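K.L.:
Numbering (the working numbering), first residue to last: 2 to 250.
The following block contains the structure:
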């Protein structure tokens, strides 16, 4: 499934089996969903809605984007990776914090992720132990490993719900705009939302029983080792003792 949280109480939801809904999207993006066959619900793989009103969408063998924030776009352009992007995670409260995933079995710009998130990533078994990343508002995040019950999270409300049935959680998506909003998907296609009531009504109409298609980028251990070797040492040197204590498992 796809759930993209946007600015100004906007969102896009895709249930993974041909149904979608949205609210307050930029006009150009809404037109793509309505009129372009490459971006009909069954073909959409990823959507990002940025604080400045910009967006990125990955569809059937193609993508479109508009006004990607400069701090993110500079890194994308420098690496020629725009057409290969699978996910862009960011924190609206901290413009310098983001993560870019690509189809080329690598990770881009881990140094732009919160340091406590990095430390937890390194602690999830062998280097490369997490496969999914979601950055939320004001420093919140969740990391998930390949197993259904393998995760690290520092968002209190989301963590409470995940612990109720951790073995069956597939996706946890945090809102980069509001730390009270989130989306938890289970392996059987059911989901639980932490959303405004008017969104909840629309999203509930699209429940289904098909497995998720949202995350499909797997962190490759060997590439991870090459990319983040220095970052691990740097993060460990810089992270504050109180942060270590707060998120110690």
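Using N, Cα and C, we set each Cβ at its ideal position, and we do this for glycine too.
This one's a predicted model, so the numbers in the text were calculated from it and none came from an experiment.
Can residue 182 and residue 192 be called in contact, C-beta distance under 8 Å?
P.N.:
Along the chain shown, one-based indexing puts residue 182 at 181. Along the chain shown, one-based indexing puts residue 192 at 191. No, they are not a contact pair.
K.L.:
Could you spell out the range, first to last residue, of the alpha helix (DSSP H) harbouring residue 49?
P.N.:
Numbered from 1 along the chain shown, position 48 holds the residue referred to as residue 49. Careful: residue 49 lies outside any alpha helix (DSSP H), inside the beta strand (DSSP E) at 47 to 50.
K.L.:
Do the CB positions of residue 177 and residue 93 come within less than 8 Å of each other?
P.N.:
What you label residue 177 is simply residue 176 of the chain shown in a count that begins at 1. What you label residue 93 is simply residue 92 of the chain shown in a count that begins at 1. In contact: residue 177 and residue 93 (Cβ atoms closer than 8 Å).
K.L.:
Assign residue 17 to buried or exposed, taking buried as 16 or more other Cβ atoms, counted over all protein chains shown, within 10 Å of its Cβ.
P.N.:
If you number the chain shown from 1, residue 17 lands on position 16. Classification of residue 17: buried, given that the 10 Å Cβ count is 16 or more.
K.L.:
Would residue 155 and residue 180 be called neighbours here (beta carbons separated by less than 8 Å)?
P.N.:
In the chain shown, counting from the first residue as 1, residue 155 sits at position 154. In the chain shown, counting from the first residue as 1, residue 180 sits at position 179. Not closer than 8 Å, so no.
K.L.:
Could you please give the first and the last residue of the uninterrupted alpha helix (DSSP H) stretch that includes residue 122?
P.N.:
Here residue 122 refers to the residue found at position 121 of the chain shown. 116 to 123 is the span of the alpha helix (DSSP H), which, as asked, contains residue 122.
K.L.:
Which residue or residues does DSSP assign as beta-bridge partners of residue 154?
P.N.:
In the chain shown, counting from the first residue as 1, residue 154 sits at position 153. Residue 154 is bridged to 143.
K.L.:
Count the other CB atoms, across all protein chains shown, that sit within 10 Å of the CB of residue 189; report buried if there are 16 or more and exposed otherwise.
P.N.:
By 1-based counting over the chain shown, the position of residue 189 is 188. The residue in question, residue 189, is exposed, as its Cβ has fewer than 16 Cβ neighbours within 10 Å.
K.L.:
Would you kindly work out how many angstroms separate the C-alpha atoms of residue 45 and residue 2, rounded to a whole number?
P.N.:
The sequence position of residue 45 within the chain shown is 44, counting from 1. The sequence position of residue 2 within the chain shown is 1, counting from 1. Going from the Cα of residue 45 to the Cα of residue 2 covers about 10 Å.
K.L.:
Tell me which residues share the same chain as residue 239 and place their Cβ nearer than 7 Å to its Cβ, disregarding the 5 neighbours each side in the sequence.
P.N.:
Here residue 239 corresponds to residue number 238 of the chain shown, with the count starting at 1. The predicted model places residue 239 with a pLDDT of 47, which falls under 50 and marks its position as unreliable; any figure quoted below should be read in that light. So the list reads 116, once near-sequence residues are dropped.
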